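2 protein chains.
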Amino acid sequence: MKDVAARAGVGLKTVSRVVNGEAGVSPDTERRVQESITALGFRRNDSARILRKGHTASIGLVLEDLADPFYAPLSRAVEEVARAHGALLINGSSAEDPEREQELVLALCARRVDGLVIVPASDDHRYLEPEMAAGVATVFVDRPPGNVEADQVLVDSFAGAREGVAHLIAHGHRRVGFIGDVPRIHTAHERIRGYEAAMSGAGLPVHPGWLAPGSTDPGRVRADAERMLNGPEPVTAVFAGNNRVTVTLVRVLAELDRPVALVGFDDFELADMLSPPVTVVAQDPAQLGRTAAGLLFRRLEGAHDPPCLMTHPTTLITRGSGELPPA
Amino acid sequence: MKDVAARAGVGLKTVSRVVNGEAGVSPDTERRVQESITALGFRRNDSARILRKGHTASIGLVLEDLADPFYAPLSRAVEEVARAHGALLINGSSAEDPEREQELVLALCARRVDGLVIVPASDDHRYLEPEMAAGVATVFVDRPPGNVEADQVLVDSFAGAREGVAHLIAHGHRRVGFIGDVPRIHTAHERIRGYEAAMSGAGLPVHPGWLAPGSTDPGRVRADAERMLNGPEPVTAVFAGNNRVTVTLVRVLAELDRPVALVGFDDFELADMLSPPVTVVAQDPAQLGRTAAGLLFRRLEGAHDPPCLMTHPTTLITRGSGELPPA
DNA sequence: TTGAAAGCGCTAACAC
DNA sequence: GTGTTAGCGCTTTCAA
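In the order they appear, the protein sequences are chains A and B.
First residue of the first sequence? That's 48 in the working numbering, and the numbers climb one at a time after it.
First residue of the second sequence? That's 48 in the working numbering, and the numbers climb one at a time after it.
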């Protein structure tokens, strides 16, 4: 910029004004400056600008896995909102590891992102307190934060799971299994609660072998599924706690010689083209992302009301697999 | 940092040393500094650090759509490599719009990212010349750059498509349709060429109605598919130019009362669970991302050899839909 | 309409 | 082992 000023024979500030489209530069001067800019191939160094201005026009998004078909649209939606507000999005995957989440979040804060959208892997966010006090707007999505007050955008996992399991029960099932994520994760925990509520609400017992929380690793899911399908009290229906589990269960159930009903949490592409088509409790990840990002920019624009909690409902989409009667 | 120094009664540089874990600070001083740091809730401002050091330990990734199941794993793979090199990843979706690509790339350059991985939407990258000359390492993935010399990581789309179409021909088809992306996109163009090569290699004519490049919008794909399936010279097999097209074609073909063979470019989740299971020409997007990011960091670490071109092969995965005989 | 000077928070270079 | 000085490239302030 110094070079541009020298070449155009003007002051530094005049160049700055031209670069930023500020008023108060005579057309002639502006032309000369523009000419120098292109001749020198000058482009503003935003790092310096950021340092001076104190904000970065960028926001951070930390989620579990960018490549998960559930989170990818969420990320994309946040990106679109950020773009509409002239901000860049920096995102990172925590791989469901609390330490990695913290490391990532802190790295983003060190970069002085203006705000943060977080799908928490950790259940303790006290590490964020100084950052939030320093003015980093923060919105939690999909799962609530731990030990910290902030805006939250959640999905009613409890009600969704309860509805899905009740749907299976309504179709005559009395031995319903549940395979889901580790209960440390809030949504997983809520879905287990929903399962239990539906079962007990119908006066049905839950055999210990029917409840299998754990990792979403296909091997683990398969093993637990086979156990509850071939055990002493075999289930006639299974509820899958999220899209990763559902996809594995589709494969396991297809290998069976008898029909077993299936309802999965989360919709997924081509669910309607499988045989049988898969009944799901759907949520809208893009909508989640849009809502969260919207909330974030509200804060960035100065909203000062107390932290809010927005809960989105789920939608049961019946397609066939959840309406199979017990064998 | 000034405050920390004042509170600990030491110089600025000593604090800097402690913050960066540099040697040459007595244990006692270090302890005092650490104490001040936590007491004041200090955290280094990376914007200032970046300005001073001249590099940002961050790289940019620009692709078509972060939520596309083909690109999501690519992005994730790039992220992992970046992380292994201590760099952050900033990514943006160009939505297949050349202007948006340029806008995004330039914004990333203004942020002084150290390097760039680009899935081009544009076919002219001269706008990047000044940036590359200024030292921004750049790697193009999936599609070649236009009017610029840089590392490239491509997939052999021509050979892949030719193999897929030849596979259909080998199973007795003589009227094979092609539905793909707009030919402006390099991979789309190559796949059309592959289709034509396979057809003419087998001495088969290509009826104009059988070749339908265009957007991947489901409506467009469906309309063109129905046209070539119900026209005067109905095709008995279709080759889909990418995963978006394949997914739509699966639906269209399922509505038909006769079997039509299908081979799709790109593998996709649950392809093997459809009926019939879908035969695909698979590429490995995560591998593409890893290779590209690896190349980028080689450059960042000072590699000066001339731009290289790496072409990855595709794999034909036969599952059933591509082995259906002509009706 | 224009520009000079100060300084954002840090690190490199060089004292001490 | 520690501190001082200068300056990264920009914007802000204020004076001309």
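Positions of the beta carbon are idealized from the N, C-alpha and C atoms, including for glycine.
In this text, all values refer to a predicted model and were calculated from it rather than measured experimentally.
Residue-level contact to chain A via CB, residue i, 8 Å cutoff
{"i": "I137 of chain B", "result": "yes"}
{"i": "L317 of chain B", "result": "yes"}
{"i": "E148 of chain B", "result": "no"}
{"i": "L320 of chain B", "result": "The question names Leu, but residue 320 of chain B is Met in the sequence shown. Taking Cβ atoms only, chain A reaches closer than 8 Å to M320 of chain B, which makes this a yes."}
{"i": "I97 of chain B", "result": "yes"}
{"i": "G369 of chain B", "result": "no"}
{"i": "A154 of chain B", "result": "yes"}
{"i": "D93 of chain B", "result": "yes"}
{"i": "A119 of chain B", "result": "yes"}
{"i": "P116 of chain B", "result": "yes"}
{"i": "E126 of chain B", "result": "yes"}
{"i": "R123 of chain B", "result": "yes"}
{"i": "A259 of chain B", "result": "no"}
{"i": "T103 of chain B", "result": "yes"}
Short CB-CB distance (under 8 Å) between residue i and chain B
{"i": "M179 of chain A", "result": "no"}
{"i": "V378 of chain A", "result": "There is simply no residue 378 of chain A to check, as chain A begins at 48 and stops at 374 in what is shown."}
{"i": "D189 of chain A", "result": "no"}
{"i": "S169 of chain A", "result": "no"}
{"i": "G67 of chain A", "result": "It is Asn, not Gly, that sits at residue 67 of chain A in the sequence shown. No, N67 of chain A lies away from the interface with chain B (no Cβ there is under 8 Å from its Cβ)."}
{"i": "V294 of chain A", "result": "yes"}
{"i": "R90 of chain A", "result": "yes"}
{"i": "L113 of chain A", "result": "yes"}
{"i": "R240 of chain A", "result": "no"}
{"i": "A157 of chain A", "result": "yes"}
{"i": "S140 of chain A", "result": "yes"}
{"i": "A301 of chain A", "result": "yes"}
Whole-angstrom C-beta distance between residue j and residue i, which should lie under 8 Å
{"i": "G211 of chain A", "j": "V310 of chain A", "result": "4 Å"}
{"i": "A284 of chain B", "j": "A259 of chain B", "result": "Rounded, the Cβ-Cβ distance is 14 Å, inconsistent with contact."}
{"i": "L317 of chain B", "j": "L317 of chain A", "result": "6 Å"}
{"i": "V160 of chain B", "j": "L335 of chain B", "result": "The pair is not a contact, with the Cβ atoms about 20 Å apart (cut-off 8 Å)."}
{"i": "E148 of chain A", "j": "A180 of chain A", "result": "That pair is no contact at about 19 Å."}
{"i": "F286 of chain A", "j": "Y242 of chain A", "result": "6 Å"}
{"i": "S141 of chain B", "j": "E111 of chain B", "result": "6 Å"}
{"i": "A52 of chain A", "j": "V62 of chain A", "result": "5 Å"}
{"i": "I106 of chain A", "j": "V164 of chain A", "result": "7 Å"}
{"i": "V229 of chain B", "j": "G261 of chain B", "result": "6 Å"}
According to DSSP, residues forming a beta bridge with residue i
{"i": "S140 of chain B", "result": "B:L110"}
{"i": "M357 of chain A", "result": "A:V200"}
{"i": "L363 of chain B", "result": "B:V328"}
{"i": "L175 of chain B", "result": "Answer by DSSP bridge pairing: none, since L175 of chain B is not bridged."}
{"i": "L163 of chain A", "result": "A:G107 and A:T185"}
Discussion item. Whether or not the segment 188 to 205 of chain A and the segment 218 to 227 of chain A are in contact is what I'm after, with contact meaning three or more pairs of Cβ atoms, one per stretch, closer than 8 Å; do they touch?
Written reply: no
Worksheet entry | In chain order, each beta strand (DSSP E) run of at least 3 residues that lies wholly inside the segment 184 to 264 of chain A | 184 to 188, 198 to 202, 223 to 227 and 258 to 260
Discussion item. Counting beta carbon pairs with one atom in the segment 202 to 210 of chain A and one in the segment 231 to 239 of chain A, are three or more of them shorter than 8 Å?
Written reply: yes
Discussion item. If we require 3 or more residues per run, which beta strand (DSSP E) segments fall completely within the segment 64 to 139 of chain B?
Written reply: With a minimum length of 3 residues, the continuous beta strand (DSSP E) runs that stay inside the segment 64 to 139 of chain B are 105 to 110.
Discussion item. Tell me whether the segment 294 to 308 of chain A and the segment 347 to 366 of chain A touch, counting them as touching only if at least three CB pairs, one residue from each stretch, are closer than 8 Å.
Written reply: Segments in contact, no.
Worksheet entry | Segment contact, 8 Å Cβ cut-off, at least three pairs: the segment 146 to 158 of chain B with the segment 116 to 125 of chain B | no
Fill in: Within the segment 268 to 314 of chain B, ranges of the beta strand (DSSP E) (whole runs, at least 3 residues)
284 to 287 and 308 to 312
Fill in: the segment 286 to 295 of chain A / the segment 261 to 268 of chain A touching (three or more Cβ pairs under 8 Å)
Yes: the two stretches touch, three or more of their Cβ pairs being nearer than 8 Å.
Worksheet item: Do the segment 129 to 142 of chain A and the segment 75 to 83 of chain A meet, that is, are 3 or more Cβ pairs less than 8 Å apart?
Response: Short answer: they don't touch.
Worksheet item: Taking one C-beta from the segment 57 to 70 of chain A and one from the segment 58 to 76 of chain B each time, how about it: are there three or more such pairs within less than 8 Å?
Response: no
Discussion item. With three or more beta-carbon pairs closer than 8 Å as the criterion, would you say the segment 366 to 373 of chain B touches the segment 324 to 331 of chain B?
Written reply: yes
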